[in-house]
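Novice: I'd like to ask you about the structure that follows.
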Amino acid sequence: MSAELCDLPAHELAPRVRRGELRAVEVLESTLERIRRVEGRPPSSAPYTPEPADRQALHAYITLTAERARAQAEAVDRAAAEGRDPGPLAGVPLAVKDIFCVEGTPSTAASRILEPFVAPYTATPVRRLEEAGALMLGKVNLDEFTFGSSNESTAFLPPPGNPWDPARVPGGSSGASAAAVAAGEATLSLGTDTAGSIRQPAAFCGVVGLKPTYGRVSRYGLIAFASSIDCPGPIARDVTDAALMLNVIAGPDPLDATAAAAPVPDHCEGLEQGVRGLRIGLSPDYFRVTFPDPASGGMQEQPIEPEVEAAVRAAAEVLARQGAEIVEPVAMPNTRYGVPAYFVVSRVEAASNLHRYDGVKYGYRHPGAVEDLRALYRKTRGRGFGPQAKLRILMGLYVSAAQYRQGYYQRALRVRTLIRRDFEAAFDRSAGRGVDVLLTPTAPTTAFELGAVYGNSVLMQYADLLTVAADHAGIPGLSIPCGLDGRGLPIGLQLLGPDFSEALLLRVGRAYEQATAGAPWRRARPRVLEAR
Amino acid sequence: MVEPTLPTGSEPIPPDLFAHLVELAALALDPQEADYLRGQLNRQLAAIRELEAIPLDEGVEITSHGVPYTPAISPPPRADMQQPSPQADAILAQAPETEGRYIVVPDIPHTDLS
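Order-wise, the sequence lines are chains C and U. Start counting the first sequence at 6; every next residue gets the next number (the working numbering). Start counting the second sequence at -8; every next residue gets the next number (the working numbering).
Structure below.
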């Protein structure tokens, strides 16, 4: 089967569109046709009754903005025809996680409480992508306010399916972003990562996801979850596209004081330099998980899925054959505390950020009569928030209460220091020690079945155990596909590096991609594309 | 530094404390949902208790941001200037209930502190 335009990478599409050899409108038509083929019924906040057909489709887009994308495509084609440069992402279809404000679009955060909200302004990274010539196709589903690792907590159902097996989750919280990109419903997606929300769904859906260094990409216009951790970043089908997209969205922003003033390198330059001479670390602390045993209540340690470990170790051998030096074992002893610390830090920040939703200024408001303003707040928030948002608000209030703050919140922030120190020690190259990057699995398992974990908020959070440490530390992380398990589900590997080392991570990822270009698993296509 | 003792037992958040949190959170809950949420909170706290076992010496400061904001990467502060928003009407248009350019709310409860 020859590739359709919607299956081509941005780094092939954009140069052809810029040279006037291909019309952006044709790329758009191809992508809209793919959406019609795989999307299924649109997600909605109406009472939901599952139907068997739902599990054959993806349900990625909460809002499709085909006319906006068409106007953008026509503008790109006009610019190319008139000899003006339409930009580095000219004609590239883009899906935006519905946690970003985009002027004139419903910006729901997948929550009932923001369902009526139409953003009056556009988030900086989205604005930069549109200015670079990308075609903004619509807003895609996520866990409510990004609270989850499976995309099942969205208020807009059916939940998105995994393109490799729609009866399984695409991961979360940027689940529909990863699913849409994997299935050709978009070429690129803008996601966010607070505990693994770009990398884990990228791994589950067999695509590339990059969580940049905290501050590398502006958060202006991102609906906040945990403001000290949230990171916007690219989801793409290959490493080069992720680099291209990062080039466009990265850099300082006068509208976000936490956007770092660090210079932005060209992430595409040096991408092909290979890994010869690099020291790549493997840590035993990323090949096991410690989590609460539901039966006993105690902590239980177990190895990650053997197929996942085998795929990551095989990837290390591939990189070794390319000239990298594999260093093992690298001790990362505080990795296991990432989730408990996150349970505290992220909840305090979430509770604070969610106080603004009150039914007064914007969004959903309880429609009936109420006795006073307090009752309006309670009824609006009781109906507007789903259970995951409520849990985060309540836990945030509890662990930040005066009598427990020292024991919970302050302690969690100090544990975060230990997690950061693990990385600083691992990446300390003085005296010939340390490693340039760490190579780990992205997630302990491949995609699980819909309904298998949802409802158990503790186990769901532990799905992030191998990704959340990088979020605490602020360092960048890249997830790329590294094979399929016995059920044909994608496995992801994760590369972690020091602050602002995105170019290095992408270079290692690209080297792996090139070395495995002929591997049989690379020829497999998501089931949702084969079956129709 | 002596840290305060945290609540112990299988239910660190009993129903009365939960009701207080729900009031602070301004959430109207039905009883079934309240039971589920309280159960989940107590399970999450069991996981969080793992933090208590970690030895933390005096030298371990808090990390509020993973990446240190050194002068080299910190953006300069913006000029402190007042400027009218060009989007006042678009923002007001988002309010669920307005009267002219006012946002309408129900009665605001007052507590007499005297």
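No residue lacks a Cβ here, since even glycine has one placed at the ideal position from N, Cα and C.
1) With respect to the beta strand (DSSP E) encompassing Gln408(C), which residues constitute its N-terminal and C-terminal limits?
2) Mapping the DSSP letters down to three states, classify Asn167(C) as helix, strand or coil.
3) Taking all protein chains shown into account, decide if Tyr126(C) is buried (16 or more other Cβ within 10 angstroms of its Cβ) or exposed.
4) So, for Ala248(C): in the same chain, excluding its five sequence neighbours on each side, which residues have a beta-carbon less than 7 Å away from its beta-carbon?
5) Among the candidates Pro121(C), Ala100(C), Ala8(C) and Thr245(C), whose CA atom is the shortest distance from the CA of Ala508(C)?
6) Between Asn358(C) and chain U, is there a C-beta pair that is closer than 9 Å?
7) By Cβ distance, which residues of its chain are closer than 6 Å to Tyr93(U), with the 5 residues on each side in sequence left out?
8) Taking Gln305(C) as the query, report the chain U residues whose CB atoms sit under 9 Å from its CB, ordered along the chain.
9) Report all residues from its chain with a CB closer than 7 Å to the CB of Arg198(C); omit the five preceding and five following residues, and keep chain order.
10) Thinking C-beta only, is Glu157(C) closer than 9 Å to Gly456(C)?
11) Measure the Cβ-Cβ separation of Pro206(C) and Ala184(C) and say whether it is below 9 Å.
12) For Leu83(U), which residues in the same chain have their Cβ closer than 7 Å to its Cβ, ignoring the five residues on either side in sequence?
13) Between which two residues does the alpha helix (DSSP H) containing Met465(C) stretch?
14) Using a Cβ-Cβ distance under 9 Å, would Gln74(U) count as near chain C?
15) Spatial neighbours of Ala231(C) within its chain, please: C-beta separation below 8 Å, excluding the five flanking residues on both sides.
16) Take every Cβ of the region 87 to 102 of chain C, pair it with every Cβ of the region 18 to 37 of chain C, and state whether three or more of those distances are shorter than 8 Å.
17) Mapping the DSSP letters down to three states, classify Pro75(U) as helix, strand or coil.
18) Give me the chain C residues within the contact set of Glu49(U), using Cβ-Cβ distance strictly less than 8 Å, ordered along the chain.
19) Give a yes or no on whether the minimum CB-CB distance between Phe390(C) and chain U is below 9 Å.
20) Measuring straight from C-alpha to C-alpha, what distance separates Met(-8)(U) and Ala300(C)?
21) Tell me the DSSP secondary structure of Thr36(C) in three-state form.
22) Give me the subset of the region 94 to 121 of chain C whose CB atoms are less than 9 Å from a CB atom of chain U, sorted by chain position.
23) Among all the DSSP beta bridges, which residues are the ones paired with Cys236(C)?
24) Could you check the C-alpha separation between Asp377(C) and His101(U) for me, to the nearest Å?
25) Of all the options Pro175(C), Asp170(C) and Trp169(C), which has the alpha carbon lying nearest to the alpha carbon of Thr159(C)?
26) For chain U, find out if any of its Cβ atoms is closer than 9 Å to the Cβ of Gly502(C); answer yes or no.
27) To the nearest angstrom, how far is the alpha carbon of Ser65(U) from that of Pro503(C)?
28) In chain U, what lies closer than 8 Å to Val344(C) by C-beta?
29) For the region 61 to 77 of chain U and the region 249 to 268 of chain C, state whether three or more C-beta atom pairs, one from each stretch, are separated by less than 8 Å.
30) Which value, in whole angstroms, describes the spacing of the CA atoms of Leu498(C) and Val212(C)?
31) Would you call the CB atoms of Val404(C) and Arg341(C) closer than 9 Å?
32) Just the Cα atoms here: how many angstroms apart are Thr54(U) and Pro14(C)?
33) Which value, in whole angstroms, describes the spacing of the CA atoms of Thr(-4)(U) and Val317(C)?
34) Taking 9 Å as the CB-CB cut-off, is Ser178(C) touching chain U?
35) Compare the Cα-Cα distances from Phe296(C) to each of Ala38(U), Leu15(U), Val13(U) and Glu43(U) and report the closest residue.
36) Which runs of the alpha helix (DSSP H) spanning at least 4 residues fall entirely within the region 279 to 337 of chain C, listed in chain order?
Specialist: On the basis of the data shown:
1) What you label residue 408(C) is simply residue 403 of the first sequence in a count that begins at 1. Element bounds for Gln408(C): n/a, residue is neither H nor E.
2) Taking the first sequence and counting its residues from 1, one reaches residue 167(C) at position 162. Strand at Asn167(C).
3) Mapped onto the first sequence, residue 126(C) falls at position 121. Classification of Tyr126(C): buried, given that the 10 Å Cβ count is 16 or more.
4) Position 243 of the first sequence, counted from the first residue, corresponds to residue 248(C). Around Ala248(C), the same chain offers His272, Cys273, Leu276 and Leu511 as residues with beta carbons nearer than 7 Å, after the five sequence neighbours per side are excluded.
5) Position 503 of the first sequence, counted from the start, is the residue given in the question as residue 508(C). In this structure, Thr245(C) is the residue among Pro121(C), Ala100(C), Ala8(C) and Thr245(C) with its C-alpha nearest to the C-alpha of Ala508(C).
6) Start at 1 with the first residue of the first sequence, and residue 358(C) comes out as number 353. Not one beta carbon of chain U lies nearer than 9 Å to the beta carbon of Asn358(C).
7) The residue given as residue 93(U) occupies position 102 in the second sequence. Answer for Tyr93(U): no residue qualifies.
8) On the first sequence, residue 305(C) is found 300 positions in, with the first residue counted as 1. Listed along chain U is no residue with a C-beta nearer than 9 Å to that of Gln305(C); the closest approach is about 12 Å.
9) By one-based count along the first sequence, residue 198(C) stands at place 193. Checking the sequence, you will find Asp at residue 198(C) rather than Arg. Hits under 7 Å: Arg204, Lys216, Cys236, Gly238 and Asp476.
10) Counting from one through the first sequence, the residue named residue 456(C) turns up at place 451. Counting from one through the first sequence, the residue named residue 157(C) turns up at place 152. With respect to Glu157(C), Gly456(C) sits close: the two C-beta atoms are nearer than 9 Å.
11) Stepping through the first sequence from its first residue, residue 206(C) is reached at position 201. Stepping through the first sequence from its first residue, residue 184(C) is reached at position 179. Taking a C-beta distance under 9 Å as the contact criterion, Pro206(C) and Ala184(C) qualify as a contact pair.
12) By 1-based counting over the second sequence, the position of residue 83(U) is 92. Contacts found: Thr89 and Arg92.
13) The residue given as residue 465(C) occupies position 460 in the first sequence. Segment Ser462 to Tyr467, the alpha helix (DSSP H) holding Met465(C).
14) As a position in the second sequence, residue 74(U) is number 83, starting the count at 1. No, Gln74(U) lies away from the interface with chain C (no Cβ there is under 9 Å from its Cβ).
15) What you label residue 231(C) is simply residue 226 of the first sequence in a count that begins at 1. Within the same chain, Ala231(C) has close Cβ partners Thr199, Val350, Ser351, Glu354, Ala355 and Asn358.
16) The region 87 to 102 of chain C makes contact with the region 18 to 37 of chain C, as at least three CB pairs between them are under 8 Å.
17) Residue numbering aside, residue 75(U) sits at position 84 when the second sequence is read from its first letter. DSSP places Pro75(U) in the coil class of the three-state scheme, outside both helix and strand.
18) Taking the first residue of the second sequence as 1, we reach residue 49(U) at position 58. Per Cβ cutoff of 8 Å: no residues; Glu49(U) is ~10 Å from chain C at best.
19) Position 385 of the first sequence, counted from the first residue, corresponds to residue 390(C). Closer than 9 Å: yes.
20) Position 1 of the second sequence, counted from the first residue, corresponds to residue -8(U). Position 295 of the first sequence, counted from the first residue, corresponds to residue 300(C). Model confidence at Met(-8)(U) stands at a pLDDT of 37, short of 50, so the residue's coordinates are unreliable; what they give is reported in the following sentence. Here the C-alpha atom of Met(-8)(U) lies approximately 35 Å from the C-alpha atom of Ala300(C).
21) Along the first sequence, read from residue 1 onward, the residue named residue 36(C) stands at position 31. Correct three-state label for Thr36(C): helix.
22) Listed by position, the residues of the region 94 to 121 of chain C near chain U (Cβ gap below 9 Å) are Glu108 and Pro121.
23) By 1-based counting over the first sequence, the position of residue 236(C) is 231. Under DSSP, Cys236(C) takes part in a beta bridge, and its partners are Asp198(C).
24) By one-based count along the first sequence, residue 377(C) stands at place 372. By one-based count along the second sequence, residue 101(U) stands at place 110. Straight-line Cα distance between these residues: approximately 10 Å.
25) Within the first sequence, the letter at position 154 stands for residue 159(C). When each option's Cα is compared against that of Thr159(C), the closest is Pro175(C).
26) The residue given as residue 502(C) occupies position 497 in the first sequence. It does not: the Cβ of Gly502(C) has no partner Cβ on chain U nearer than 9 Å.
27) Numbered from 1 along the second sequence, position 74 holds the residue referred to as residue 65(U). Numbered from 1 along the first sequence, position 498 holds the residue referred to as residue 503(C). Computed Cα separation, rounded: 18 Å.
28) Start at 1 with the first residue of the first sequence, and residue 344(C) comes out as number 339. Per Cβ cutoff of 8 Å: Ala38.
29) As far as the Cβ criterion goes, the region 61 to 77 of chain U touches the region 249 to 268 of chain C, which means the pair count is three or higher.
30) Looking up residue 498(C) in the first sequence gives position 493. Looking up residue 212(C) in the first sequence gives position 207. Leu498(C) and Val212(C): Cα-Cα distance of roughly 11 Å.
31) Here residue 404(C) is taken as the residue at index 399 of the first sequence, counted from 1. Here residue 341(C) is taken as the residue at index 336 of the first sequence, counted from 1. In this structure, the beta-carbon distance from Val404(C) to Arg341(C) does not fall below 9 Å.
32) Here residue 54(U) is taken as the residue at index 63 of the second sequence, counted from 1. Here residue 14(C) is taken as the residue at index 9 of the first sequence, counted from 1. If you take the alpha carbons of Thr54(U) and Pro14(C), they lie about 39 Å apart.
33) As a first step, residue -4(U) must be located in the second sequence, where it is residue number 5. As a first step, residue 317(C) must be located in the first sequence, where it is residue number 312. Confidence at Thr(-4)(U) is low in this model, with a pLDDT of 49, below 50, so its placement is unreliable and no value can be given for it.
34) Counting from one through the first sequence, the residue named residue 178(C) turns up at place 173. No, Ser178(C) lies away from the interface with chain U (no Cβ there is under 9 Å from its Cβ).
35) Your numbering for residue 296(C) matches position 291 in the first sequence. Ranking Ala38(U), Leu15(U), Val13(U) and Glu43(U) by Cα distance to Phe296(C) puts Ala38(U) first.
36) Counting only runs of 4 or more, we get 311 to 326.
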